[in-house]
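In our numbering, the protein residues as written are 23 to 153. What follows is a set of notes on a single structure, which appears directly below.
Structure follows, in structure tokens:
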């Protein structure tokens, strides 16, 4: 009986360690995503998203809400920096429901864009078409 308990504890500890390593690996893989979005480098963003998907089995919607760039989400960052290519790519990759749900500050991307005078942004036009 004691051997079974020790084995269970060892398995639980190993899973916690591997989860911590995987989480750290995802953080490292996504480390410069804000820079890529700001630079409007669609090729690099697509490459990074593909790597995270193949290495960690995560889609954009799985980590989108956990990433902020100077307090703004990735799509908001794209709007502020005029990064049309990366903003459009992210809008196309996100589920419609996620695009219409409030973000961390309680505002949707559309409401935030309107409040910040970004209604005429090409990214907002793509967002309107998508939702």
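Yeah, the Cβ is synthetic: ideal placement off N, Cα and C, and Gly gets one too.
Taking C-beta separations shorter than 6 Å and ignoring five residues to either side along the sequence, the partners of residue 153 in its chain run 118, 121, 122, following chain order. Per DSSP, the continuous alpha helix (DSSP H) segment holding residue 147 begins and ends at 144–152. Under the criterion of beta carbons closer than 8 Å, residue 85 and residue 116 do not qualify as touching, at roughly 11 Å.
Between residue 107 and residue 62, the gap from beta carbon to beta carbon is short of 8 Å. In the structure shown, residue 103 falls within a coil segment according to DSSP collapsed to helix, strand and coil.
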